[in-house]
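Take a look at the structure set out below.
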Amino acid sequence: MSEIDWAKYGATGLISSECVELLDKESYKDTFDTLTLEASRENCALLVGAIKTIAKPDAISYILTLLYEYCTEESEDIAFTRAERMDLLLGDDPLAVITVIASTQQVTTAISQGNDSITSVINYELAAHLLVHIMLNEKPESELHANAMKEARKYVTAWTEVNTSDKGTFLAYVHAMGIIFTVRELRKVFIDHGGVEKTLAWLAAAEKHDVTTLTYRVVYVIWLLTFHDHARPQFLKHDAVPALLGLLLESKEKVVRISMLALRNLLQDKAGVITAVASCIDQYLEPMRVRSYADPDIIESIAVVTKTVSDAVATLSTWSAYKEEVASGTLKRTPVHESTMFWKQNAHRLADNGADTMNRVAAVIIESTDPVSIAVGCSDLAHFLDGYDGARTLVESVPGLRARLLHLVAASDKTIVAAALRLLQRLIVGPTHLALGDL
1190 MSEIDWAKYG ATGLISSECV ELLDKESYKD TFDTLTLEAS RENCALLVGA
1240 IKTIAKPDAI SYILTLLYEY CTEESEDIAF TRAERMDLLL GDDPLAVITV
1290 IASTQQVTTA ISQGNDSITS VINYELAAHL LVHIMLNEKP ESELHANAMK
1340 EARKYVTAWT EVNTSDKGTF LAYVHAMGII FTVRELRKVF IDHGGVEKTL
1390 AWLAAAEKHD VTTLTYRVVY VIWLLTFHDH ARPQFLKHDA VPALLGLLLE
1440 SKEKVVRISM LALRNLLQDK AGVITAVASC IDQYLEPMRV RSYADPDIIE
1490 SIAVVTKTVS DAVATLSTWS AYKEEVASGT LKRTPVHEST MFWKQNAHRL
1540 ADNGADTMNR VAAVIIESTD PVSIAVGCSD LAHFLDGYDG ARTLVESVPG
1590 LRARLLHLVA ASDKTIVAAA LRLLQRLIVG PTHLALGDL
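Pasting the structure below:
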């Protein structure tokens, strides 16, 4: 039972006696259970009306929480389905009800997360549930559907400016997105307003807060967006693959599960596979393959992603393809450069024909101004040093290579500096494990 003295609100005329009686019940189930549709509709209208007339935060919080639990609870103890309950709350003027709920002062509810306690703003979440309910159940040609879509678009475009510093507000917004982005058209609106880059910035912010639920909800939104063909190249451009890989080994299973599902979508395209291999995805998959997971979706995703990457490497990692790329003078982070099998089979070939291919790779390092080409070239020569006994003598004999590497370690580009240092280290100390993704 509420500790709020609702009778005082009734005495001042802010709410009716019927509303006072409703609010004095033990819980939302007592308020709505066993009532007819019409009676439940009237009760919802009374409570929405009370939100408009009451000013005190604790009272508004109680009423909104009551309505939120009533509409979202999955329970056989309640007389009507969730859809029926939402219809009852929306009444005869659905958008007006949504406006009241969304525009009133923020109402927070505590959520426990490990040793942390954060707040979630239920206004946003309830409004999102109600908007989606309308769009999924009304005919697309109806005026109500059109108006709900228009209202939802306002939410979506505004969400690109979410304040990530406050955990509670951040969590509520992202949860509301996860609800409203079940509507495909609204995901597209968000993507077209810079949503891809924003979500990756949110992921970094969520990890700083170190709240599993928050990280999960952000990745859930990312997963929804990766179903769109025009979003996936944007995710690759903004380094979504390494960001998601970074969640796989230390996170809770629910975060691992949704991260793997997002990666599966990104790897639908050749560019995604190439990016994943360049990011050393197998270094993450290998320990995952021997780990025990309770979630079968994770196990399935590991198998699917492993096969996708293996098939791509088998297709792209051919000596002829490698020679063509080296001859072009531009090296890219493609699977051919990071396939262990490729280098086991082909490292010695860099020494063939007077070390022609090795000299071409060295020429890229010496002459190129492209940071990626330089980094990849250094990685390739490192693999050559690992896989061919006479490699050191050949590499040391390239005129100007050591001087070029010593010059590169003072470059302003961190990628170039790291690459040059790694190759110098291998020339001086001998083989060590080098991964292109470390550069």
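Mapping of the sequence shown onto my numbering: residues 1190 to 1628, in sequence order. Don't be surprised by glycine CBs; every beta carbon is placed ideally from N, CA and C. Fair warning: this is a prediction, and the values are worked out from it, not measured in the lab.
Cut-off 8 Å between Cβ atoms - residues of its own chain near residue i, not counting five sequence neighbours on either side
i: I1368; result: E1314, A1317, H1318 and V1321
i: D1629; result: The structure shown does not extend to residue 1629, since the chain spans only 1190 to 1628, so no value can be given for it.
i: V1203; result: A quick correction: the sequence has Leu, not Val, at residue 1203. Here the set comprises A1239, T1242 and I1243.
i: R1342; result: L1375 and V1378
i: C1260; result: R1271, R1274, M1275, L1278, L1315, H1318 and L1319
i: A1600; result: V1606 and A1609
i: L1211; result: T1220, N1232, L1235 and L1236
i: T1523; result: I1463, V1466, A1467, L1505 and E1514
i: N1336; result: L1284
Spatially closest choice to residue i from the options, by CA coordinates
i: T1504; options: K1459, A1540, L1583 and A1516; result: K1459
i: S1528; options: K1197, S1499 and R1591; result: S1499
i: L1438; options: G1461, V1479, T1604 and W1348; result: V1479
i: D1281; options: Y1257, A1248, L1333 and F1269; result: L1333
i: T1604; options: A1337, V1494, I1267 and S1562; result: S1562
i: Y1577; options: V1553, H1596, M1547 and E1513; result: M1547
i: V1494; options: V1286, V1462 and E1396; result: V1462
i: F1416; options: L1456, V1351, V1618 and V1553; result: L1456
i: A1492; options: Y1473, E1263 and S1292; result: Y1473
i: V1565; options: K1443, V1618 and Y1511; result: Y1511
i: V1209; options: Y1251, D1602 and T1402; result: Y1251
i: Y1344; options: S1292, D1355, E1265 and E1386; result: S1292
i: V1351; options: I1555, N1542 and G1384; result: G1384
i: K1521; options: I1287, E1265 and S1557; result: S1557
Cutoff 6 Å; reference residue i; Cβ partners in own chain excluding five residues on either side
i: F1370; result: R1376 and L1413
i: L1539; result: T1546, M1547 and F1573
i: V1598; result: V1606, A1609 and L1610
i: E1386; result: H1427
i: D1486; result: R1446
Backbone CA spacing between residue i and residue j [nearest angstrom]
i: V1289; j: V1525; result: 58 Å
i: A1299; j: R1406; result: Reliability of the predicted coordinates at A1299 is poor, the pLDDT of 46 falling under 50, and no value is obtained from them.
i: S1568; j: P1560; result: 12 Å
i: K1533; j: D1575; result: 9 Å
i: V1606; j: P1588; result: 20 Å
i: R1611; j: P1422; result: 30 Å
i: G1518; j: S1440; result: 41 Å
i: N1312; j: T1254; result: 9 Å
i: L1436; j: V1445; result: 7 Å
i: T1308; j: H1398; result: Per-residue confidence for T1308 stands at a pLDDT of 45, beneath the threshold of 50, marking its modelled position as unreliable; no derived number is given.
i: M1477; j: T1497; result: 16 Å
i: G1357; j: W1348; result: 15 Å
i: M1366; j: Y1257; result: 17 Å
i: E1192; j: D1213; result: 9 Å
i: H1364; j: D1418; result: 23 Å
i: E1327; j: E1227; result: 21 Å
i: M1338; j: H1382; result: 16 Å
Sequence-distant residues of the same chain with beta carbon closer than 7 Å to residue i, five excluded per side
i: S1468; result: V1430, P1431, L1434 and G1626
i: I1169; result: Outside the shown range of the chain (1190 to 1628) lies residue 1169, about which nothing can therefore be said.
i: S1629; result: The first residue shown for the chain is 1190 and the last is 1628, placing residue 1629 beyond what the model contains.
i: T1353; result: F1359, W1391 and A1394
i: T1201; result: none
Minimum Cβ-Cβ distance from residue i to chain B less than 8 Å
i: S1481; result: As a matter of chain content, chain B is missing from the structure shown, which is built from one protein chain.
- Task: Just list the alpha helix (DSSP H) runs in the region 1442-1518, keeping only unbroken ones of 4 residues or longer that don't cross its boundaries, in chain order.
- Result: 1442-1455, 1459-1467, 1471-1478, 1485-1505 and 1508-1517
- In chain order, which beta strand (DSSP E) runs of at least 3 residues are fully inside the region 1221-1273? none
- Task: Mind listing, in chain order, the continuous alpha helix (DSSP H) runs of no fewer than 4 residues lying wholly within the region 1404-1448?
- Result: 1421-1426 and 1429-1434
- What residue ranges within the region 1526-1569 form continuous alpha helix (DSSP H) runs of no fewer than 4 residues, ordered along the chain? 1529-1535 and 1541-1556
- Query: Which runs of the alpha helix (DSSP H) spanning at least 4 residues fall entirely within the region 1350-1402, listed in chain order?
  - Reply: 1356-1369, 1373-1381 and 1384-1398
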